[in-house]
Structure formats: structure tokens, C-alpha cells
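Structure, as C-alpha cells:
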Amino acid sequence: MTVQLNGRQLIAGQWVASGKETLTALNPATGALLETPFAHATPAEVDAVMSAAQRVFPITREISVERRIELLEAIAAQIMALGDELLQRAHAETGLPLARLTGERARTCNQLKHFAEVLREGSWVAATIDTADPARQPLPKPDLRRMARPIGPVVVFGASNFPFAYGACGGDTASALAAGNPVVVKAHERHPGTNELFGHAVVAALRQTGLPLEMFGLVHGPGVTVGQALAKHPATQAIGFTGSKRAGRALFDLAAARPVPIPVFAEMGSVNPLVILPGAIAERAEAIAAGLAQSITMGAGQFCTKPGLIFLVGNPGAHAFVTQLAKQMTAIPATTMLTADMQKQFCAATAALQKIDGVRTLLAGAANGFAAMSPALVAVDSATWRAHAELHEETFGPGAVVVLCRDLDDLRATVAQAGGNLTASLHTGAADAAPEVREVLQQLEQQAGRVVFNGFPTGVEVCAAMIHGGPYPATSAPATTSVGALAIQRFVRPVAFQNTPDAYLSLELQNANPRGIWRTVNGAWTREKC
Ligand code: NAP
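Just so we're aligned, residue 35 is where the sequence shown starts under this note's numbering, counting upward by one.
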């Protein structure tokens, strides 16, 4: 597919722009402005895209499972059909290497196909049937049948660091469409062309499958104006967000303050504590240092799962390990960050940390070129770390803070102050006693959505068991995930149907179980009819 970028909003299948203000993408590797100005959506356009989504919802919620599967698979195919054009534009807008983007494109298509599989299998609707008992005393028992139903128009805010996997056709969009909802994307300002290309792919997929074009909209413009207008629109029923704590929290508060509050599924900052017990250091310090250096600096450290805080018991082995880690990180060249602003923010944040009394700088981190950055590493004792809240914060970039604790009790108590996270990792060796390992694991479990054993947290597998979520501030909704099969549950609500005749029920709840899915009937799992 060859696409001429038009810089407009996508509303009900039409590319329109009536506003005067525009934004232009910047190449972070060179600082050069990229072609095509993108018009900010006007208030009337925001209303039009949300009204179209609201109008089409009664249709999308009844689209059969088979056709939703077709749509998801068609979107994946249309993304691939964009070919190099998508990769080249995203590379120019984000500075991310083409190899990384190629991998992320595969993951994005796999996410769409994964949700197609989830629909095919069918048990995600949690069909639960309690049949009637008219003879029950003192009152007859009604027939009650419950299943998940789509929630309504979903607004998606993508992140800067994963322009594909958390972009216009990323996990939030895939799961919301899979559930039968219309989706409106607020395109990220830093990669508007990439977003537009995804818009063309979805339009092509909707046309190919004969589904309503109002099912997907895309608008450009600043988060504080266009984004907030989308969040406030009465048609919006839920928000999927990935990005900073500042913006996620602003949207969460705004959604709660609406006359009709709506859920916000925001995936925000995370420091991803990584604990290395003395037994692991004694056993394989060099291998851990090498793996950790890669994990901290992968993608210029701009991963929401980057291990930003490393906790050790401060014995001589640990001190040697820190030196080894610094050596490994020195060997990693400066990498272009997503924006020059992010480079500046990272420089300022790491410089501020290095000025704190008691903080030892192992690698200062140096800005290089328009937006590139070399790694930074500091070490601190647990008492100093606890006393300085700024050492607890995420620094978005290729850097980490090592915290040296007095002993295991101090380590557990210190890690507890690292708050809610997407991940927490633990490295152990044969010399670490099982009860102590268990205690640290239990501590980490309380603080993270995913606990990684003897591994590194970067790299999020797309599969049924994955949790990419966690307690606040990692997310605004700790009971769910933005990656993996469970993510679809964010964009549905359970509805119970009482004494409803079979013919009026969705296939999943009908007596004959025509889709042959797993259901609970009177408390027992079965695929049989009832
Ligand atoms: P962001 O600034 O939070 O932006 C994400 C989306 O939210 C964008 O579409 C943005 O629109 C919009 N937005 C920003 N402020 C808003 C507001 N007050 N109200 C409504 N919408 C708003 O995230 P980012 O651009 O991806 O990265 C910026 C920072 O976020 C990074 O420096 C990093 O610290 C953090 N980050 C964290 C993660 C993570 O998963 N932990 C991932 C990515 C980024 P505009 O761009 O138009 O403002």
C-alpha cells in the first residue's frame, strides 16, 4: 500500500480537517522537521468523531464473533501491507532502529491475532448460567445468565515509546475492538504520520470486511485540549492510556469528575525494582551484570519495564558487582532518545540525583548530538535512598539507581518503599535460603503485576497469562492488564439476564451453546448444552 499522508482527522471513514492549527513531527536523530503538517482537531471534529462512535455502537455490539475475528486479522494484514512505508515513517518520527520497529510491528500484529484467538475460543465472555427452580421454597428461583458485553466507545491514548504496540492499532485498540466497541484514537503528537498510516490500514480492513467505518476514528492535537475534550465527551465510555503518570493521572481525575464518571485504564510510570540476593552474586555476578546492563539500556532505557532500581545487600561481592555493572554499561554506546525533550529531562533528572549527598556516581550519562544519551548509573545506601523521594522516581532513559542495603531485613523494608510497579524481579542462587527467597518474593508480589524470577523484566510476552499492570502508580486500575488476554475485560461490563427467552439471548448464553464454549452451568464448568 502506498499512502500519501494527508494530515487530517479520520471521522467515519472520511479524512477531514477544518482547523487552522497544525503540528509537525520532528526527526529526533537529526532535529529536522518531517513533511506533512497535521491539523489539530477542532471541538466540532472531536464531537463528530465521538458522536459517530456513539451512533455506531448499537451496530458494533451486535457484530458476530466471526466478523470481529475477520476484522482483527484484516487489520493485521493491512498493517503488513503498509510495508516499508510504515517502518520508515516511524523510524523518522521516533529514531527507533528499523530492526526494533520490525519486531514491534510483528508483536502488534500478533496482539491483534491473539485477540482473534481469544474470541475464537470464546470463554472470555465468562458465560455463567444458573437455571431456574420454579419449585424452590419459599420463593421460586429465577433463571439468571451472565456474560461480558461491550462497554461502548473507547478512547485510546498511545505512548511515545512504543509507536506500534501501544499505538493506534496497539493492545488497547485491539482489545476494545475485539470486545465489540468503537475506538477513537488520540494520535500521539510525536508520531502523527505513523498514526495516520495505521488509520489507513484500519479503514482498508473495515472496507474489506464490510464493517461500519464509524467503528474507528483518529484525531490529532494536544493532549491537554483535544485529548481532554475526548475524555470529557458524553459518548466516551472508557479510556485506555499508556504514558506518563502526570498525563494518566490528569485523565483519571478528569474522568472521575465527569457528571457520568468513566473508567480509565492508565498504564503509567514504573521503576521495576530488581533484587539480587547474595547467593546470586556469588554464583553468577558477571552474567547478571551483562544481562542487567542490556535490560537497563535497551531502547535507550525508554521501556516502561526498564529495571530502574537495583537492590543488593551491600557486602564486598555486591560492591564488585556494581563496578562490573558500570563497566558493562560503559561499553554501551549513546542511543537516540525519542525526543530531544526526553533527553533534556533525563539529563536534568540524573544530574539532580548525582548532587544528593551520599549518592555515588558511577556513570554520569552524557548527552550526545540532538537527542542521544549515554548510560547513567548511581549507587546509594538504603538510608539515603529512603530519605530522598526523588531517588524513588522513574527516570525515563538509559539509567538506574543501585541501592545497597545493610542486610536482608533492611532490603525487604527498603524495597517495600518502591511502591506499585509493573514488574519486580528477583535473582537468587543456591546459597540463598528458601525461606528468605520466599519472603522477598512475597514482598515483591505485593508491589507488582509481574514477578520475574532469575531474569530481566524488559520484553513483554503477548500471551494469555501475561499481566502488564500493577498497583498504583504503575496503573490506575490494578485489577487488570494492558497486555494479554485479560486486557479485553477492561472494555466490557458484565450483564445478567433474568428469565430472558433463549431467542433473545446472545449465542453464548443460549441453552444449546451453539458456539460450543466453556461455560459455568449451575456451578460446574461444561461445554454441553443446558
Ligand atoms: P505522555 O506525555 O503521558 O503522553 C501520552 C499521551 O497523553 C499523549 O497522547 C499526550 O498527548 C497525552 N497527554 C499528555 N498530557 C495530557 C494531559 N494533561 N491530558 C490529556 N492528555 C495528555 O507520555 P509520552 O509522551 O509517551 O512520554 C512522556 C513521558 O512519559 C516520558 O518522559 C516518561 O517519563 C513517561 N512514559 C512512561 C511510560 C511508561 O509506560 N511507564 C511510557 C511512556 C512514557 P500530547 O503528546 O499531545 O501531549
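Here a beta-carbon is modelled for each residue, glycine too, at the ideal position from N, C-alpha and C.
Buried or exposed (CB count within 10 angstroms, at least 16 for buried), residue i
i      : result
ASP444 : buried
CYS381 : buried
GLN362 : buried
ASN556 : exposed
PRO168 : exposed
PRO216 : buried
VAL474 : buried
GLY433 : buried
ASP206 : buried
PRO297 : buried
PHE487 : exposed
PRO197 : buried
GLY233 : buried
LEU132 : exposed
THR370 : buried
TYR538 : exposed
THR373 : buried
PRO295 : exposed
GLN171 : exposed
ALA289 : buried
GLN476 : exposed
GLN480 : exposed
Coil, strand or helix - residue i by DSSP
i      : result
MET407 : strand
ASN455 : strand
CYS338 : coil
LYS147 : helix
ASN229 : helix
VAL133 : Looking at the sequence itself, residue 133 is Ala, so the reference to Val does not match. The answer is helix: DSSP assigns ALA133 an H, G or I state.
PRO168 : coil
LYS563 : coil
ASP444 : helix
GLN208 : Here residue 208 turns out to be Ala, not Gln, going by the sequence shown. In the structure shown, ALA208 sits in a helix (DSSP, three-state: H, G or I).
ARG180 : strand
PHE198 : coil
ASP391 : coil
ALA269 : coil
ILE97  : coil
VAL28  : Because the chain here runs from 35 to 564, residue 28 falls outside it and cannot be looked at.
LEU425 : helix
THR373 : coil
LEU245 : coil
THR357 : helix
LEU397 : strand
THR162 : strand
LEU116 : coil
Those residues which DSSP pairs with residue i across a bridge
i      : result
GLY274 : VAL190, PHE299
HIS234 : Looking at the DSSP assignment, HIS234 forms no beta bridge with any residue, so it has no partner.
VAL219 : VAL190, LEU252
PHE380 : None, per the DSSP bridge assignment.
LYS175 : ASP167
GLY433 : ALA410
CYS439 : VAL347
PHE72  : LEU57
ASN402 : ALA406
VAL50  : GLN43
ILE310 : LEU346, HIS461
ASP415 : LEU438
Below-9 Å beta-carbon distance, residue i vs any chain C residue
i      : result
ALA221 : Absent from the structure is chain C; it holds one protein chain and no more.
Review point. Does the count of Cβ pairs from the stretch 43-63 and the stretch 81-95 closer than 8 Å reach three?
Key: yes
**Study point:** At least 3 beta-carbon pairs within less than 8 Å: the stretch 303-310 vs the stretch 396-406
**Key:** no
Check your understanding: Hey, which unbroken runs of the beta strand (DSSP E) at 3 residues or more fall wholly within the stretch 465-517?
Key -> 482-487
Point to revise | Continuous beta strand (DSSP E) assignments of at least 3 residues falling wholly in the stretch 516-564 | key: 526-532, 553-555, 558-560
Check your understanding: At a cut of 8 Å, does the stretch 327-336 reach the stretch 415-432 through at least three beta carbon pairs?
Key -> yes
Check your understanding: With a cut-off of 8 Å, do at least 3 Cβ pairs link the stretch 63-70 to the stretch 84-104?
Key -> no
Exercise for review: Please determine if the stretch 181-191 and the stretch 274-285 are in contact, where contact requires at least 3 C-beta pairs separated by less than 8 Å.
Suggested key: yes
Review point. Does the stretch 90-97 come close enough to the stretch 48-58 to have 3 or more Cβ pairs within less than 8 Å?
Key: no
Practice item. Examine the Cβ distances between the stretch 498-507 and the stretch 441-459 and report whether three or more of them are shorter than 8 Å. Key: yes
Review point. Does the stretch 99-112 touch the stretch 138-151, meaning 3 or more C-beta pairs lie closer than 8 Å?
Key: yes
Review point. Are the stretch 511-518 and the stretch 482-502 touching, with three or more C-beta to C-beta distances below 8 Å?
Key: yes
Check your understanding: When the Cβ atoms of the stretch 546-562 are set against those of the stretch 309-328, are three or more pairs found closer than 8 Å?
Key -> no
Review point. Is the stretch 250-270 touching the stretch 217-227, taking contact as three or more C-beta pairs under 8 Å?
Key: yes
Check your understanding: Do the stretch 162-178 and the stretch 520-539 make contact, defined as three or more Cβ pairs closer than 8 Å?
Key -> yes
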